[in-house]
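Structure record follows, encoded as structure tokens.
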Amino acid sequence: MEPNDGDDEEEFGFSRNYFLAKELRGSGKKSARKLSDIDLVDEQELRAAASKIPTKHEKEIISLLTSYKSLYPKWVFELRCGFGLLLYGFGSKKALLEDFASTELIDCGVIVINGYLQSINIKNVVITLAGILWDQLKTKRITSMGSMSKIQQPSSSQSMEDLLAFLDGSHSKENDCFVCVVVHNIDGPGLRDSESQQYLARLASCSHVRLVASIDHVNAALLWDKKMVHTQFNWCWYHVPTFAPYKVEGVFFPFILACSGTAQNAKTAAIVLQSLTPNAQSVFKVLAEHQLAHSDEEGKHCMPISNLYTSCRERFLVSSQVTLNSHLTEFKDHELVKTRRHADGQDCLYIPLTSEALVKLLEEIG
Amino acid sequence: MGSATADSPPPSPIADNGENDLQPFFVLHKALPRKGSRKASGSGKTRRKLDSPIASPKSKDKPEEAKQAREDDYEALRFEAFDMVWLKIETTIEDVLRNININVFAVIHQWVCESFSSIRSAGMPGVLHSYPPLTNITCKQIFTGLVFTKNVEFVDDLLTFKELGMRLKSNGCHVVTLSSLDFTAKNGIGGCLRSLLRQLIMVTPDSADISILASWYSEPENNENPVIVIIDDMERCNGHVLSEFIMMLSEWVIKIPIILIMGVATTIDAPRKLLTSNALQYLSPCKFTLGSPAERMDAIMEAVLVELCTGFNLSYSVSVFLRNYFLRQDGTVTSFIRALKIACAKHFSMEPLSFLCEGFLSEDSQSFWIEKCEMMPEAMLKCAFDLPSCEHRDKFACMTAENLASGLSTMKKFRKDWSSVVLCLYEAGKFHKIKLFDIFCEALDPNHQLGAAEDLGRSSSAGHFPHCDEYSGLRKERFIHQAVRRIKSLTVAQLSQLLQIWRKHTEEISEIHGRVEELQSMLDLESDIKSLKQDGTGSPNKLTSRSHLTMEKDKMTVNEKALKLMECMVKDYLKPIECMPFHEIVCFKHVDILQSALIGDPRKMIQVDLLKPHNHLHCSCCSKSGDALVPSMNDTSIIYTLAQEHGDLINLHDWFQSFKAIVTQPSTKKGKRKLQMSPASKKRKDTNEPEAISEASVQARFCKAVTELQITGLLRMPSKRRPDFVQRVAFGL
Numbered sequence: 001m002e003p004n005d006g007d008d009e010e011e012f013g014f015s016r017n018y019f020l021a022k023e024l025r026g027s028g029k030k031s032a033r034k035l036s037d038i039d040l041v042d043e044q045e046l047r048a049a050a051s052k053i054p055t056k057h058e059k060e061i062i063s064l065l066t067s068y069k070s071l072y073p074k075w076v077f078e079l080r081c082g083f084g085l086l087l088y089g090f091g092s093k094k095a096l097l098e099d100f101a102s103t104e105l106i107d108c109g110v111i112v113i114n115g116y117l118q119s120i121n122i123k124n125v126v127i128t129l130a131g132i133l134w135d136q137l138k139t140k141r142i143t144s145m146g147s148m149s150k151i152q153q154p155s156s157s158q159s160m161e162d163l164l165a166f167l168d169g170s171h172s173k174e175n176d177c178f179v180c181v182v183v184h185n186i187d188g189p190g191l192r193d194s195e196s197q198q199y200l201a202r203l204a205s206c207s208h209v210r211l212v213a214s215i216d217h218v219n220a221a222l223l224w225d226k227k228m229v230h231t232q233f234n235w236c237w238y239h240v241p242t243f244a245p246y247k248v249e250g251v252f253f254p255f256i257l258a259c260s261g262t263a264q265n266a267k268t269a270a271i272v273l274q275s276l277t278p279n280a281q282s283v284f285k286v287l288a289e290h291q292l293a294h295s296d297e298e299g300k301h302c303m304p305i306s307n308l309y310t311s312c313r314e315r316f317l318v319s320s321q322v323t324l325n326s327h328l329t330e331f332k333d334h335e336l337v338k339t340r341r342h343a344d345g346q347d348c349l350y351i352p353l354t355s356e357a358l359v360k361l362l363e364e365i366g
Numbered sequence: 001m002g003s004a005t006a007d008s009p010p011p012s013p014i015a016d017n018g019e020n021d022l023q024p025f026f027v028l029h030k031a032l033p034r035k036g037s038r039k040a041s042g043s044g045k046t047r048r049k050l051d052s053p054i055a056s057p058k059s060k061d062k063p064e065e066a067k068q069a070r071e072d073d074y075e076a077l078r079f080e081a082f083d084m085v086w087l088k089i090e091t092t093i094e095d096v097l098r099n100i101n102i103n104v105f106a107v108i109h110q111w112v113c114e115s116f117s118s119i120r121s122a123g124m125p126g127v128l129h130s131y132p133p134l135t136n137i138t139c140k141q142i143f144t145g146l147v148f149t150k151n152v153e154f155v156d157d158l159l160t161f162k163e164l165g166m167r168l169k170s171n172g173c174h175v176v177t178l179s180s181l182d183f184t185a186k187n188g189i190g191g192c193l194r195s196l197l198r199q200l201i202m203v204t205p206d207s208a209d210i211s212i213l214a215s216w217y218s219e220p221e222n223n224e225n226p227v228i229v230i231i232d233d234m235e236r237c238n239g240h241v242l243s244e245f246i247m248m249l250s251e252w253v254i255k256i257p258i259i260l261i262m263g264v265a266t267t268i269d270a271p272r273k274l275l276t277s278n279a280l281q282y283l284s285p286c287k288f289t290l291g292s293p294a295e296r297m298d299a300i301m302e303a304v305l306v307e308l309c310t311g312f313n314l315s316y317s318v319s320v321f322l323r324n325y326f327l328r329q330d331g332t333v334t335s336f337i338r339a340l341k342i343a344c345a346k347h348f349s350m351e352p353l354s355f356l357c358e359g360f361l362s363e364d365s366q367s368f369w370i371e372k373c374e375m376m377p378e379a380m381l382k383c384a385f386d387l388p389s390c391e392h393r394d395k396f397a398c399m400t401a402e403n404l405a406s407g408l409s410t411m412k413k414f415r416k417d418w419s420s421v422v423l424c425l426y427e428a429g430k431f432h433k434i435k436l437f438d439i440f441c442e443a444l445d446p447n448h449q450l451g452a453a454e455d456l457g458r459s460s461s462a463g464h465f466p467h468c469d470e471y472s473g474l475r476k477e478r479f480i481h482q483a484v485r486r487i488k489s490l491t492v493a494q495l496s497q498l499l500q501i502w503r504k505h506t507e508e509i510s511e512i513h514g515r516v517e518e519l520q521s522m523l524d525l526e527s528d529i530k531s532l533k534q535d536g537t538g539s540p541n542k543l544t545s546r547s548h549l550t551m552e553k554d555k556m557t558v559n560e561k562a563l564k565l566m567e568c569m570v571k572d573y574l575k576p577i578e579c580m581p582f583h584e585i586v587c588f589k590h591v592d593i594l595q596s597a598l599i600g601d602p603r604k605m606i607q608v609d610l611l612k613p614h615n616h617l618h619c620s621c622c623s624k625s626g627d628a629l630v631p632s633m634n635d636t637s638i639i640y641t642l643a644q645e646h647g648d649l650i651n652l653h654d655w656f657q658s659f660k661a662i663v664t665q666p667s668t669k670k671g672k673r674k675l676q677m678s679p680a681s682k683k684r685k686d687t688n689e690p691e692a693i694s695e696a697s698v699q700a701r702f703c704k705a706v707t708e709l710q711i712t713g714l715l716r717m718p719s720k721r722r723p724d725f726v727q728r729v730a731f732g733l
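Protein sequence lines, in the order shown, are assigned to chains A and B.
Mapping the first sequence onto UniProt numbering, position 346 (from 1) lands on 346, and the numbers just tick up by one.
Mapping the second sequence onto UniProt numbering, position 445 (from 1) lands on 445, and the numbers just tick up by one.
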């Protein structure tokens with residue numbers, strides 16, 4: 001048996017597909033239709049509808065999850081052997097992991113990290129974990145009449161190195177005393193940086209820690225080098241598609257049919273503008289009105305700074321170029337206004353919004 | 001799935017899940033205070049059983065309970081057996097690796113001592129005579145050992161450097177091990193200095209200051225020995241930080257005699273490429289070289305898979321897979337060891353009788369097995385005799401514990417003979433650079449066995465000098481055959497060396513052992529005659545040439561006899577484990593399971609999940625339609641299947657419209673068919689359907705599906721430049 005025989009063929013098919021796809025793009029069939037051609041509903045309505053989407057195949061999903069229960073004893077066995085579990089496959093594995101941990105890992109402490117969130121402080125995790133292990137060791141020592149006096153109780157004042165050293169305690173005969181870390185989406189946005197992954201890897205290699213993690217990204221394995229894979233995480237892979245909807249995991253992703261909509265941009269711009277002084281708002285209005293008035297004329301919709309200054313001075317909005325500049329800096333920082341070099345060499349200002357959005361915005365700041 | 005969490009026991013009631021979902025992390029539960037007795041006593045098992053949701057706590061069925069407890073017992077036994085077997089394998093590997101490096105470690109230690117004394121002779125540390133600071137570059141030299149690993153994969157050498165560190169430490173040196181992670185631009189020089197101080201002085205100072213180290217070193221108990229800084233992967237360090245570190249050390253080298261040891265994976269000019277010339281001039285390098293991964297692999301193979309008889313064996317297919325994995329995919333010994341461990345764990349978790357493997361390690365295997373087999377419940381014993389390898393064997397018709405035990409004992413004996421023969425073959429093949437892995441795999445091939453016997457039989461029957469090429473042309477891949485055949489072309493010295501080793505390896509097979517000794521004495525006799533002839537220098541030329549001729553002929557006969565002997569060993573003793581009854585108990589065969597646990601393939605599998613969801617869901621609604629898209633399919637599956645029809649850019653508008661067309665598909669035809677299955681519920685739905693799917697809901701579903709694809713990483717989202725397009729990431733599986 002030669003498991004690699006098919007590889008060349010596969011690779012060939014792979015590259016062929018890639019070039020075919022590229023070709024399709026260049027062949028002029030590219031559709032020029034715009035997203036705005038769709039009659040997009042309001043974002044709030046969209047969110048409301050999204051929360052009411054019924055789950056398809058609910059029954060089948062439940063029976064799929066139940067069928068994975070037969071793997072639980074194997075998972076426990078492998079965890080005890082010192083492996084980490086890495087679950088992948090399409091569908092949210094959150095419920096599966098938590099069910100496994102709360103039914104099978106009852107005699108060790110379990111911490112859950114929600115890797116799909118935006119920011120996770122690994123040190124806090126490690127502190128809590130060390131605390132749990134300390135309790136666990138304490139109860140164990142009491143029953144086996146040992147003393148814990150030598151080891152200091154972990155606290156937040158200790159450095160990461162000390163905490164990890166504590167979790168990596170003696171390797172002898174204590175291998176069934178461990179704490180388990182369940183990581184939902186170890187490839188998630190909050191953990192994707194290399195520092196977090198290094199800490200997770202070091203955590204995984206600690207003798208008192210076992211890791212059970214899930215990945216959803218097809219390229220998740222690229223987060224790790226060989227040292228991490230072979231000597232630290234020590235993964236045992238399991239393909240367990242659940243087809244369960246990514247409910248919480250997807251909560252922070254913007255809706256594709258809403259994020260680029262005009263409503264969104266106008267709204268954020270309005271929020272920024274409302275926090276500025278009335279004078280600044282009026283300066284912005286001058287610029288916006290100019291842009292709307294000249295929106296049909298190609299290249300003329302942007303306004304030279306000198307013109308803006310004159311207009312604003314006339315209306316007693318600014319008294320000097322310096323005041324105007326301070327307003328403009330504020331606008332630029334919030335990306336309300338951008339500059340462009342005009343054909344005659346002058347710097348011109350424009351608002352990076354469509355006319356419709358601009359009208360809406362002006363209405364809003366009223 | 002909520003239901004599943006609900007019927008689990010509430011050790012610490014899981015707080016409202018919705019709340020926990022948005023916490024960066026939370027404690028699911030703490031360990032139960034009753035812990036610790038799970039393995040040791042029976043009560044622990046019943047507790048576990050009661051807690052387990054799989055077996056319903058309500059069942060009062062006593063036999064059931066007892067059975068479960070017994071199964072748990074055996075699981076504990078299997079785990080114990082795994083522990084013992086793997087410990088044995090692991091320590092053997094460690095020993096092998098240590099022995100491989102023992103010489104180079106000794107040389108390094110010698111060099112360390114010499115370097116230290118030369119630093120000492122340059123100036124006494126601790127004494128303040130280094131002020132004004134030395135300006136002469138030669139006084140600031142840092143002795144640097146460049147250890148060439150001959151291996152781009154530094155992961156294999158982590159252990160080597162750890163061992164080196166331990167060895168130097170045991171000789172009294174102060175050893176610090178730093179890695180590339182300590183030399184990052186982000187942490188700068190402070191990072192590595194802090195790490196150094198931490199390891200040496202056991203405190204983490206607030207400010208990283210090398211003078212702390214200097215004052216530590218000047219203490220009388222510390223200043224008798226050099227400080228060794230080992231950096232195992234120099235090439236991965238940040239060059240500027242490392243240069244700065246070196247420059248700083250060079251300022252202090254008289255006060256703190258630091259010696260650097262750096263692992264280099266590439267070539268001698270690696271430091272030149274990485275470091276600034278300023279730093280480079282302070283290094284006084286010395287070169288050391290480690291063994292290559294192939295050498296290490298052979299040594300590990302020999303010790304662990306051939307010589308060591310732990311009761312855990314690999315089947316032919318698994319060993320071929322591992323060979324390919326090592327040669328073509330990963331190439332690191334570490335990954336091979338990991339794969340071996342996974343195979344081992346899988347074997348002990350899957351094979352119910354695998355706890356019997358422990359008997360191979362026991363001094364008195366026979367009685368161990370008899371005891372265990374007699375205690376086994378009837379059903380388990382029956383399991384053993386139901387194994388496929390026992391299918392056609394009448395002599396095991398009587399299913400007794402003794403039979404099983406004796407079957408295992410026979411297997412152990414055969415396994416030992418097998419390893420002796422493989423080792424002999426390997427020694428013979430060494431002269432022609434045949435790899436142990438190749439011989440090993442071939443020797444395990446259950447189908448090869450027949451063929452090999454035939455081949456060898458043919459070669460002997462074809463006369464004493466069968467045409468060599470005939471065979472090499474016929475069966476080029478047969479490594480064993482090559483190894484045997486080439487014994488004939490060995491020189492006297494080689495043959496005598498080979499016989500010497502054979503003698504050692506065949507100690508346990510008395511018949512063969514005797515014949516090896518016989519051959520040895522024949523060879524000795526020959527060389528005696530030879531030396532005798534050479535002594536009689538005065539004898540006439542004619543005689544010498546004639547005797548030379550006879551000697552050549554004699555030599556041929558000894559070679560030939562050795563060849564015959566080897567053939568005989570292969571024929572009689574090289575019995576692949578898979579040809580033996582009960583081998584399933586000790587032999588891991590599931591190559592597919594090993595492969596999927598070792599190398600997950602998320603890129604392919606997640607796409608397959610999406611494109612063929614009913615493979616897993618087994619739903620009645622979608623599978624009938626074949627490959628056609630139906631509204632009942634998962635939205636994400638629908639849009640991903642649709643995406644396959646686009647080039648690398650997908651127009652969002654078109655994509656949405658085709659999605660909409662599918663999900664709002666007039667399902668009258670389908671509805672009718674469904675109607676027959678569950679009339680009541682479907683009918684209502686059917687009539688409502690056109691109105692039920694509002695535009696908002698279609699858009700929301702599309703958005704959700706796109707988000708899910710985004711989570712899987714199969715899409716690149718619209719950019720500012722291309723707001724109406726998403727980009728495909730994967731093409732084909």
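All C-beta atoms, glycine included, are put in the ideal place defined by N, C-alpha and C.
It should be emphasised that the depicted structure is a prediction, and the values quoted were computed from it without experimental measurement.
{"Asked": "Could you please give me the residues that DSSP links to Arg340/A through a beta bridge?", "Found": "Cys348/A"}
{"Asked": "Thinking C-beta only, is Asn151/B closer than 8 Å to Ser292/B?", "Found": "yes"}
{"Asked": "State the start and end residues of the unbroken beta strand (DSSP E) segment that holds Ile261/B.", "Found": "Ile258 to Val264"}
{"Asked": "Would a C-beta distance cut-off of 8 Å place Ile113/A and Val183/A closer than the cut-off?", "Found": "yes"}
{"Asked": "Rounded to a whole number of angstroms, what is the C-alpha to C-alpha distance between Ile577/B and Ser419/B?", "Found": "11 Å"}
{"Asked": "At 7 Å on the CB atoms, spell out the chain A contacts of Phe326/B, in chain order.", "Found": "Chain A residues near Phe326/B: none, gap ~12 Å exceeds 7 Å."}
{"Asked": "Ordered along the chain, which non-local residues of its own chain (more than five positions away) have a Cβ less than 6 Å from that of Pro189/A?", "Found": "Gln118"}
{"Asked": "Residues of the region 310-336 of chain B with a CB closer than 9 Å to any CB of chain A: list them in chain order, please.", "Found": "Tyr316, Ser317, Val320, Phe321, Asn324, Tyr325, Arg328, Gln329, Asp330, Thr332, Thr334 and Ser335"}
{"Asked": "Alpha carbon to alpha carbon, how far is Thr354/A from Phe725/B?", "Found": "19 Å"}
{"Asked": "Would you kindly report the start and end of the unbroken beta strand (DSSP E) that includes Tyr88/A?", "Found": "Gly84 to Tyr88"}
{"Asked": "For Cys108/A, tell me which candidate among Leu211/A, Lys332/A, Tyr246/A and Thr339/A has the shortest Cα-Cα distance.", "Found": "Leu211/A"}
{"Asked": "Kindly indicate which residue of Leu35/A, Leu20/A and Lys22/A has the alpha-carbon position closest to the one of His653/B.", "Found": "Leu35/A"}
{"Asked": "Helix, strand or coil: which one does DSSP assign to Thr687/B?", "Found": "Below a pLDDT of 50, predicted positions are generally treated as unreliable, and Thr687/B, at 42, falls in that range; the measurement from the model is reported next regardless. Helix, per DSSP."}
{"Asked": "Can the beta-carbon of Val337/A be found less than 8 Å from the beta-carbon of Leu324/A?", "Found": "no"}
{"Asked": "Could you tell me which of Met522/B, Ile210/B and Met380/B sits nearest to Val558/B, measuring between CA atoms?", "Found": "Met522/B"}
{"Asked": "From Ile231/B to Thr267/B, what does the alpha carbon distance come to, in whole angstroms?", "Found": "16 Å"}
{"Asked": "According to DSSP, which residues form a beta bridge with His174/B?", "Found": "Val227/B"}
{"Asked": "Within 10 angstroms of the Cβ of Arg684/B, are there 16 or more other Cβ atoms? Answer buried if so, exposed if not.", "Found": "Low confidence applies here, because Arg684/B scores a pLDDT of 42, under 50, leaving its location unreliable; read the following figure in that light. Its Cβ having fewer than 16 others within 10 Å, Arg684/B is exposed."}
{"Asked": "If you reduce the DSSP assignment to three classes, tell me which class His327/A lands in.", "Found": "helix"}
{"Asked": "On the criterion of 16 or more Cβ atoms from any shown chain inside 10 Å, does Asp352/A qualify as buried, or is it exposed?", "Found": "Here the sequence assigns Pro to residue 352/A, which means Asp is not the residue at that position. Burial call: exposed."}
{"Asked": "If we ignore side chains and look at the alpha-carbon of each, how far apart do Leu675/B and Cys621/B end up?", "Found": "Because Leu675/B sits at a pLDDT of 38, beneath the cut-off of 50, its placement in the model cannot be relied upon, and the following sentence gives the value as read from the coordinates. About 12 Å."}
{"Asked": "Can you tell me where the alpha helix (DSSP H) with Phe321/B in it begins and where it stops?", "Found": "Tyr316 to Asn324"}
{"Asked": "When you compare the CB of His616/B with every CB in chain A, is at least one pair closer than 8 Å?", "Found": "yes"}
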